[in-house]
Amino acid sequence: MSQKIRAIKGMEDLFATKPVQVWQSIEAQARSLFERAGFQEIRTPIVEETALFERGVGETTEIVEKEMYTFKDRNDKSLSLRPEGTASVVRAFIEHFTDHQIQEGRFYYMGPMFRYENPQKGRYRQFHQIGVECFGQDHPGLDAEIIFLLDQLLRSLHLNQFELKINSLGSSECRQNYLSALKEYFTEHRSQLAEEDLQRLERNPLRILDSKEPQSQEVIGQAPDLSDYLSSENQSHFLAVQNFLKNLGVPFQVDSRMVRGLDYYEKTVFEFISTDLGAQSAIAGGGRYNRLVKSLGGPVVPAIGFALGMERLVSLLSADRLNLKSLTKIFFAALDEESEKYFSALLPQTRQLSAVTQVDWGSSSLKSKMKRAARWGAEWVVLSGESEQQKGVLILRDMKASTQEEIAREQLLDVLKRISE
RNA sequence: GUGGGUGUAGCUCAGGUGGUUAGAGCGCCAGGUUGUGGCCCUGGAGGCCGUGGGUUCAAGUCCCAUCACUCACCCCA
């Protein structure tokens, strides 16, 4: 036997009926909500020039430094599979929309993203995101509207057990000031920090704030607070966001230690987390990125967006709460060739029914046909063999009740229509 | 990249301190029941015990390596 080819590590086939239905219903719900909020779908390529992500996501981020699927094409150009959605949407926005007088746009997307990481619960190399990007305004009301949209989506899916954390990172100047203050503070107290965190001190002091090292907690607790370094304009923006959220009835917690891993965020950032998701607690996250459009070569256009992790969300949703509707299953069992031809000729009409219909081709025994019907989950079996042929009738079996009746051929479609409602 | 756990039948898993022909449940196939699924009974197929090497008279079992899966760190959705 030749070597079995398997799916790539961290990439999954999704095929079982129930999970697929859950995905479909999430996607449908998202579309419906987003469209009503004035967003239009955008589908960008999965592959982009590597430089887009380097400049967009940030060259020193974890994602770009060691998690990208990067390769050369036949022309020796460096390409990468997208590790996230925002950079591509911004690129497309600059390419197609910024020549208008009004530089605005509301977009949503859904699709696979790729990061070369070691897989674990809630983390994959190919994973799927649903995201939203909104260009053109820097208003706290919009920040709240975007958060509300995401909150609404999660609630409409009957997701329980999640909470919203928000924070403001301030503008880049505020952040610079804060960063140096933070660095100074941790350097002073370096003896009390854990080994791990000493390394972070060099690379990215912000990360020490959400360190889980027990040893460091005390120092972290007394570290300078980002909120003290926000400019008054940023402070009032953040307060306004909170007030708008209250108006909208969206519960939230301010977490002044929350920092996010992508470089482009500033001002409002937020994260939806779940307590019963294992170590990967973030279901969705996002924030404002007012300078990204410009730094990718576009005009100055403020923007805000979020991304939602499909796999994580799906793992939290129980299929029965989504009340997935399933169609009646009708199985056609033909016992001779004449009956096969008859069922075949019937297909154009049976496919009009709001039912799942399946013809069992081939000359296996009735017993094995019945077995197949049961295994498939058929609720009804339409049976035809030689004697039915001669009498011009069919047998309709109710699999659940284990009863059956003879019906005239002419009545079949009416009867099927009735049972599939 | 680092650490832990697990790899035995299609699936879920048993197989003290090495010992002769590797098991169970479920599933699958056939028959009991000639044209009727589930329940029951009988029978059957299906295993290089992840892979490679080593120790031993003897390895599913011990040792080393390697691969895969999985959880966790890091980071993120």
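According to the numbering used here, the first sequence is numbered sequentially starting from 4. All C-beta atoms, glycine included, are put in the ideal place defined by N, C-alpha and C.
According to DSSP, is residue i helix, strand or coil?
i: M4; result: The predicted position of M4 is uncertain, since its pLDDT is 34 and thus under 50; a value taken from the coordinates is nonetheless stated next. Note: M4 maps to coil in three-state DSSP.
i: M116; result: strand
i: Y72; result: coil
i: K344; result: helix
i: N78; result: coil
i: G388; result: coil
i: W379; result: helix
i: A95; result: helix
i: S318; result: helix
i: L84; result: strand
i: E62; result: coil
i: A226; result: coil
i: G144; result: helix
i: T406; result: strand
i: I286; result: strand
i: Q218; result: helix
i: V488; result: With the chain represented from 4 up to 424, any question about residue 488 goes unanswered, as that position is not in the structure.
i: Q393; result: helix
i: Q43; result: strand
i: Y232; result: helix
i: R412; result: helix
i: Q355; result: coil
Taking all protein chains shown into account, decide if residue i is buried (16 or more other Cβ within 10 angstroms of its Cβ) or exposed.
i: R206; result: exposed
i: S277; result: buried
i: S5; result: Here S5 scores only 45 on pLDDT, less than 50, and its place in the model should not be relied on; the value that follows carries that caveat. S5 should be labelled exposed.
i: W383; result: buried
i: D146; result: buried
i: N121; result: exposed
i: V23; result: exposed
i: R178; result: buried
i: T425; result: Absent from the model: residue 425. The displayed extent of the chain is 4 to 424, so no value can be given.
i: F18; result: exposed
i: V257; result: exposed
i: D16; result: exposed
i: L327; result: exposed
i: Y127; result: buried
i: F74; result: exposed
i: E408; result: exposed
i: S194; result: exposed
i: P351; result: exposed
i: I66; result: buried
Report, in whole angstroms, the separation of the C-beta atoms of residue i and residue j, which I expect to be a contact under 8 angstroms.
i: M113; j: I133; result: 4 angstroms
i: F37; j: V135; result: 6 angstroms
i: P302; j: Q104; result: Actually they do not touch by this definition, with Cβ atoms about 12 angstroms apart.
i: S83; j: E51; result: 6 angstroms
i: L160; j: I286; result: Not confirmed; about 11 angstroms, so no contact.
i: S342; j: G388; result: 6 angstroms
Is residue i near the ligand GTP, with its Cβ less than 8 angstroms from a heavy atom?
i: V304; result: The ligand GTP is not among the ligands present in this structure, which contains no ligands whatsoever.
If I follow the unbroken alpha helix (DSSP H) through residue i, where does it start and stop?
i: W26; result: T20 to R39
i: I307; result: That residue, I307, is in no alpha helix (DSSP H); its beta strand (DSSP E) goes A306 to G312.
i: T190; result: S175 to E191
i: Q202; result: E198 to R206
i: V50; result: It is not in any alpha helix (DSSP H) - V50 instead sits in the beta strand (DSSP E) that spans V50 to E52.
i: R421; result: L415 to I422
i: V296; result: L295 to S298
i: F241; result: S235 to L251
What span of residues does the beta strand (DSSP E) with residue i cover, start to end?
i: G134; result: Q129 to F138
i: L425; result: Lying outside 4 to 424, the shown extent of the chain, residue 425 is not represented and no answer is given.
i: S277; result: E269 to S277
i: T331; result: T331 to A337
i: L167; result: F165 to S171
i: T101; result: T101 -> no beta strand (DSSP E), and no H or E assigned at all.
i: G13; result: No beta strand (DSSP E) holds G13; DSSP gives it neither H nor E.
i: V359; result: A358 to D363
Examine the Cβ distances between the stretch 299-319 and the stretch 349-358 and report whether three or more of them are shorter than 8 angstroms. no
Quick test of the definition: if touching needs 3 or more C-beta pairs under 8 angstroms, does the stretch 238-246 touch the stretch 217-229?
no
| said: Check whether the stretch 290-297 and the stretch 336-356 are in contact - that is, three or more C-beta pairs closer than 8 angstroms. | reply: no
Cβ contact check for the stretch 243-254 and the stretch 143-163: 3 or more pairs under 8 angstroms
Flag = yes, the stretch 243-254 and the stretch 143-163 touch.
Can we say the stretch 333-342 touches the stretch 360-378, given the rule of at least three CB pairs closer than 8 angstroms?
yes
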